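If you number the sequence shown the way numbering that gives the first Met the number 0 does, the last residue is 357 and the count never jumps.
Think of the CB as a built atom: it goes at the ideal place given N, C-alpha and C, for glycine as much as any other residue.
Computed from a predicted model, the values in this text were never measured in an experiment.
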Amino acid sequence: MNSVKAAFLAGAAALALSACSDGGGQEQAQAPAQPPAPAAPQIVASSSPLAQAIDRAAFSAQPLPPDAHRAMLIRAQVLLSRAHFSPGVIDGADGENLMNAVAAFERARGLPEDGRLDAEVWALLVRDTRPVVTDYVITEADVAGPFTEEIPSDYEEMAELDALGFTSPREALAEKFHMDESLLAALNPGADFSVAGTRIVVAAPGPETLPAPVTLVEVDKSRNQVRAYGADGALLASYPATVGSSDMPTPDGEWAVNLVAYDPHWNYDPDKLNFGDKSAGKLDIKPGPNNPVGAVWIDLTKETYGIHGAPEPRLVGKTASHGCVRLTNWDARQLGGAVKKGTRVVFTGSERPAKAKI
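Below, the structure written as structure tokens:
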């Protein structure tokens with residue numbers, strides 16, 4: 000996505016859309032403080048047979064039955080996430096996001112970088128012997144909402160809503176544990192996610208913070224990946240990313256972080272758009288995880304551009320934006336907590352031909 004104006008009013012971040020549906024541009028020096036990360040559940044082995052199959056999953060270079068293959072991929076995704084090489088949404092599916100996470104892990108560990116989940120990569124990952132899935136008891140807070148039953152696609156209808164919250168407790172729980180909703184449902188057949196006290200099986204992806212400050216962010220447009228480096232040049236983390244297309248490109252060159260805003264408004268300004276309904280007029284889209292820019296906005300010194308969250312985590316890395324850089328909400332939150340004003344942001348590579356999706 001390709002431009003938005005950030006206005007921070009009454010302690011809340013308001014983003015005014017320009018050529019991208021994302022955001023950027025600082026009006027005031029202060030942004031809302033980072034909200035505390037949700038407490039991770041204690042990681043304990045689950046008695047669920049489905050969970051036990053995942054925790055026992057082993058690598059095989061030979062074809063596996065579908066259930067065993069999916070269990071292996073779930074275990075790999077969680078372990079990569081714990082190591083700060085995010086596969087994006089944990090879904091037990093193979094694909095480019097997983098391949099790129101493996102490649103970044105290999106780079107950080109000094110291995111040949113081919114992106115293949117092989118015996119050598121697996122042996123390093125499973126040095127973490129803790130369960131990768133665990134039991135969790137749904138709390139009153141998990142089901143309290145408020146929820147937004149339906150998120151409209153029309154911006155004028157969006158602007159009429161008081162917030163763009165989760166649509167259901169199931170969606171909220173899936174995001175809390177970095178999971179695809181379908182995987183959460185598959186691991187908990189028959190569970191009612193709207194009832195506090197219900198015991199469910201969830202992924203245990205690990206801490207929400209990085210082990211050191213980030214001094215350089217690389218946006219690799221060719222690989223649809225953001226990589227974060229520490230002061231010593233070490234690769235600290237990687238994240239799948241949605242970037243622009245050849246028609247609506249993401250910036251080139253070197254820029255810097257301007258500020259980080261949490262729970263941003265999105266100010267739709269048709270005078271600054273290269274898409275959308277010009278007759279709608281200016282609109283204030285309220286905050287929430289299903290806001291078009293997600294739950295976090297990392298403003299860049301390149302005017303009207305930023306790195307931000309996403310309302311549909313399963314699509315990150317699989318579509319194109321209008322120029323800005325989109326991460327899952329949890330990855331944007333982790334990166335946002337490790338950068339500061341002045342952190343370098345370098346754009347490398349080139350976009351692929353693709354149709355942009357907001």
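| Item | Value |
| --- | --- |
| The segment 325-344 / the segment 296-304 touching (three or more Cβ pairs under 8 Å) | yes |
| Boundaries (first-last residue) of the alpha helix (DSSP H) holding residue 313 | Unbroken run through residue 313: none, as it is neither H nor E. |
| Residue 360 versus residue 270: straight-line alpha-carbon distance, rounded | No statement about residue 360 is possible, as the shown extent of the chain runs from 0 to 357 and does not include it. |
| Own chain residues within Cβ distance below 7 Å of residue 122, not counting five before or after | none |
| C-beta neighbour in chain C for residue 84, strict 8 Å | No chain C appears in this structure, which consists of one protein chain only. |
| Environment of residue 161 [buried if 16+ CB atoms lie within 10 Å] | exposed |
| C-beta atoms of residue 147 and residue 287 nearer than 8 Å | yes |
| Reduced DSSP category for residue 51 - H, G, I as helix; E, B as strand; rest coil | helix |
| Inter-residue spacing [alpha-carbon to alpha-carbon] between residue 26 and residue 47 | Low local confidence applies: a pLDDT of 32 at residue 26 is under 50, so the model's placement there is unreliable, with the coordinate-based value given in what follows. So the alpha carbons of these two residues sit roughly 51 Å apart. |
| Simplified DSSP state of residue 68, which is helix, strand or coil | helix |
| 8 Å Cβ shell around residue 210 - same chain, five flanking residues per side excluded | 83, 235 |
| DSSP bridge partner residues for residue 202 (one or two, in chain order) | 132 |
| 6 Å CB neighbourhood of residue 281 in its chain, flanking five on each side removed | 268 |
| Coil, strand or helix - residue 25 by DSSP | Confidence at residue 25 is low in this model, with a pLDDT of 32, below 50, so its placement is unreliable and the value that follows should be read with caution. DSSP places residue 25 in coil when its eight states are reduced to three. |
| Beta-carbon contacts of residue 347 that lie in its chain and below 8 Å, excluding the five residues immediately before and after | 217, 218, 219, 220, 221 |
| 3 or more residues per run - each beta strand (DSSP E) lying fully within the segment 172-230 | 198-202, 215-219, 224-228 |
| Proximal residues to residue 193 (C-beta, below 7 Å), its chain only, five neighbours per side dropped | 142, 168 |
| Simplified DSSP state of residue 234, which is helix, strand or coil | strand |
| Alpha-carbon to alpha-carbon, residue 60 and residue 125 | 16 Å |
| Under the three-state DSSP convention, the category residue 252 falls into | strand |
| Residue 290 - DSSP class collapsed to helix/strand/coil | coil |
| Span of the alpha helix (DSSP H), counted from its first residue to its last, around residue 104 | 95-108 |
| Contact under 8 Å by Cβ, residue 241 with residue 318 | yes |
| Spatial distance of residue 314 from residue 98 (CA atoms) | 16 Å |
| Which listed residue (41, 80, 344, 42) has its alpha carbon closest to that of residue 215 | 344 |
| Distance, residue 238 Cα to residue 342 Cα | 17 Å |
| Contact test: residue 191 Cβ vs the ligand ADP heavy atom, cutoff 7 Å | Judged by which ligands are present, the structure shown has none, so any question about the ligand ADP falls away. |
| Residue 113 in three-state terms, based on DSSP | coil |
| Among 231, 179, 228, 301, the one whose alpha carbon lies nearest that of residue 254 | 301 |
| Where residue 305 sits in the DSSP three-state scheme | strand |
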